[in-house]
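Enquirer: Each residue of the sequence shown is one higher than the one before, counting from 625 in this note's numbering. Please read through the structure below; I'll follow up with questions.
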Amino acid sequence: MYKILANDGIDTSAAAKLIELGYDVDTNHYDGEELDKKIKEVDCIIIRSATKIRKPLIDVALETKQLKLIVRAGVGIDNIDHVYAKEQGINVRNTPNSSSDAVAELAIGHMFALARHIYISNVTMRNGEWNKKEYKGIKLNGKTLGLVGFGRIAQSVAKKAQALGMSVIYTDIMGANENVPSCKFVEKDELLASADFLSLHIPFIKKYGPFLGEAEFAKMKKGMYIIHTARGGVIDEEALLNALDSGIVSKAALDVFANEPTKNERIYTHDSISLTPHIGASTIEAQARIGQETIEVILESLS
Numbered sequence: 625m626y627k628i629l630a631n632d633g634i635d636t637s638a639a640a641k642l643i644e645l646g647y648d649v650d651t652n653h654y655d656g657e658e659l660d661k662k663i664k665e666v667d668c669i670i671i672r673s674a675t676k677i678r679k680p681l682i683d684v685a686l687e688t689k690q691l692k693l694i695v696r697a698g699v700g701i702d703n704i705d706h707v708y709a710k711e712q713g714i715n716v717r718n719t720p721n722s723s724s725d726a727v728a729e730l731a732i733g734h735m736f737a738l739a740r741h742i743y744i745s746n747v748t749m750r751n752g753e754w755n756k757k758e759y760k761g762i763k764l765n766g767k768t769l770g771l772v773g774f775g776r777i778a779q780s781v782a783k784k785a786q787a788l789g790m791s792v793i794y795t796d797i798m799g800a801n802e803n804v805p806s807c808k809f810v811e812k813d814e815l816l817a818s819a820d821f822l823s824l825h826i827p828f829i830k831k832y833g834p835f836l837g838e839a840e841f842a843k844m845k846k847g848m849y850i851i852h853t854a855r856g857g858v859i860d861e862e863a864l865l866n867a868l869d870s871g872i873v874s875k876a877a878l879d880v881f882a883n884e885p886t887k888n889e890r891i892y893t894h895d896s897i898s899l900t901p902h903i904g905a906s907t908i909e910a911q912a913r914i915g916q917e918t919i920e921v922i923l924e925s926l927s
């Protein structure tokens with residue numbers, strides 16, 4: 625019987641199905657020494673964004689050589705030292721097809737929240753303030769949306785934005801995507817200079833550092849908006865705060881942070897930032913699909 629640890633939890637129906645299929649499933653969360661002990665006893669570990677599987681933890685697992693599979697129940701695998709794990713014979717998989725629309729919908733939701741002051745009026749009204757004259761917004765229709773990265777999530781955002789009447793441009797290390805002719809590929813500097821709204825959809829690669837820093841903010845259209853639902857670290861948070869305070873960036877929406885939970889008080893108290901606690905994939909439907917895709921990965925890899 626294969627032993628599976630879902631260290632960051634898993635959809636209940638998926639856990640029940642795995643048990644029905646004969647797997648020994650542990651859905652408790654472990655940290656530190658407890659996780660060191662547990663990872664040596666399981667054949668597969670399923671994680672989301674909370675658990676980080678770095679080289680030291682992989683080395684612990686290698687002491688028993690029982691761990692065969694790491695599954696990231698989600699899209700990004702930047703919280704796993706996946707190259708090292710694969711070099712040691714441990715398979716690393718993710719579930720790329722399950723949560724794209726959920727993350728895209730959150731990105732669009734944040735765009736509305738910024739454009740119409742929904743995020744801040746919800747706070748000030750609870751404080752007894754009636755700031756009707758202060759909250760004159762803008763339309764999304766007719767604006768240019770710039771996408772950084774053009775994978776599944778970004779393409780889903782593009783489709784929804786175009787339905788709202790937005791023009792969509794994008795930049796991507798893979799170049800132009802000929803399968804989506806309705807969106808225009810541009811180089812990074814043109815994207816920064818042209819976008820009214822900029823939405824990020826790339827992983828954080830430590831050796832390259834933030835995609836957006838002081839130099840990039842200096843190239844942006846004054847008064848533009850930032851939407852960030854990708855990975856903490858992709859934006860230099862101090863540079864973003866400076867851009868907000870200077871007026872280069874009108875407002876920003878953040879679902880991900882350099883450190884989570886964020887302890888950056890300037891970030892979570894700033895009046896021009898709409899905040900959510902890394903909930904891009906947190907819909908009932910997305911989690912159910914992630915659970916099903918996780919089962920398919922396990923059956924394929926451990927059968």
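C-beta: ideal position from N, C-alpha, C; glycine also.
Only counting the same chain, and skipping five residues up and downstream in sequence, which positions put a Cβ closer than 7 Å to that of A910?
Expert: S722, S723 and A726
Enquirer: Which ranges does the beta strand (DSSP E) cover as unbroken runs of at least 3 residues, wholly within the stretch 626-651, from first to last along the chain?
Expert: 627-630 and 648-650
Enquirer: In terms of alpha-carbon separation, which member of P901, A876 and S896 lies closest to K887?
Expert: P901
Enquirer: Does the stretch 696-712 come within contact of the stretch 645-663, defined as at least 3 CB pairs closer than 8 Å?
Expert: No, because fewer than three Cβ pairs between the stretch 696-712 and the stretch 645-663 fall closer than 8 Å, the two stretches do not touch.
Enquirer: Which residue's Cα is closest to the Cα of L856: I663, S673 and V666?
Expert: It should be noted that the sequence gives Gly, not Leu, for residue 856. With distances taken between Cα atoms, G856 lies closest to S673.
Enquirer: Please report the Cβ distance between T719 and A697, rounded to the nearest whole angstrom; I am assuming they are in contact, meaning their Cβ atoms lie under 8 Å.
Expert: 6 Å
Enquirer: What three-state label does DSSP hand R855 in the structure shown?
Expert: coil
Enquirer: Please report the distance separating the alpha-carbon of T907 from that of Y849.
Expert: 25 Å
Enquirer: List, from N- to C-terminal side, the beta strand (DSSP E) runs of 3 residues or more that fit wholly inside the stretch 824-896.
Expert: 848-852 and 873-878
Enquirer: Within 10 angstroms of the Cβ of A842, are there 16 or more other Cβ atoms? Answer buried if so, exposed if not.
Expert: Taking all protein chains in view, the Cβ of A842 is surrounded by fewer than 16 other Cβ atoms within 10 Å, so the residue is classified as exposed.
Enquirer: Which full runs of the beta strand (DSSP E) of 3+ residues lie inside the stretch 896-922, going along the chain?
Expert: 897-899, all fully within the stretch 896-922.
Enquirer: Short of 6 Å in beta carbon distance, which residues of its chain neighbour K808, apart from the five on each side in sequence? Order them along the chain.
Expert: I793
Enquirer: Tell me where the beta strand (DSSP E) around N751 begins and ends.
Expert: From DSSP, N751 is part of no beta strand (DSSP E); its letter is neither H nor E.
Enquirer: State buried or exposed for N883, treating a residue as buried only when at least 16 other CB atoms are found within 10 Å of its CB.
Expert: exposed
Enquirer: With H, G and I counted as helix, E and B as strand and the rest as coil, what does DSSP make of K808?
Expert: strand
Enquirer: Reducing DSSP to helix, strand and coil, say where G770 ends up.
Expert: Reduced to three states, the DSSP call for G770 is strand.
Enquirer: Run the CB neighbour count on G770, radius 10 Å, all protein chains shown included, and call it buried at 16 or more, exposed below.
Expert: buried
Enquirer: On the CB-based measure, 16 or more other CB atoms within 10 Å of its CB, does R717 come out buried or exposed?
Expert: buried
Enquirer: Using the Cα positions of N803 and K783, report the straight-line distance between them to the nearest angstrom.
Expert: 13 Å
Enquirer: Need the endpoints of the beta strand (DSSP E) that Y794 sits in, please.
Expert: Unbroken beta strand (DSSP E) run through Y794: S791 to T795.
Enquirer: Among the residues of its own chain, which have a CB less than 6 Å from the CB of F828, if the five just before and after it don't count?
Expert: D702, R855, G857 and V858
Enquirer: Excluding the 5 residues flanking L788 on each side, which residues of the same chain have their C-beta closer than 7 Å to its C-beta?
Expert: L764 and N765
Enquirer: Indicate whether I628 and I670 have their beta-carbon atoms separated by less than 8 Å.
Expert: yes
Enquirer: Would you call S940 buried or exposed, if buried means 16 or more other Cβ atoms sit within 10 Å of its Cβ?
Expert: The shown model of the chain, from 625 to 927, leaves out residue 940, and the question about it has no answer.
Enquirer: Along the chain, where does the beta strand (DSSP E) containing V666 start, and where does it finish?
Expert: Premise fails: V666 is in no beta strand (DSSP E) and is neither H nor E.
Enquirer: Mark N631 as exposed unless 16 or more other C-beta atoms lie within 10 angstroms of its C-beta, in which case mark it buried.
Expert: N631 comes out buried.
Enquirer: K845 and A817 - do their beta-carbons sit closer together than 8 Å?
Expert: yes
Enquirer: To which residues of the same chain is Y708 closer than 7 Å at the C-beta, ignoring the five residues directly before and after it?
Expert: K679 and I682
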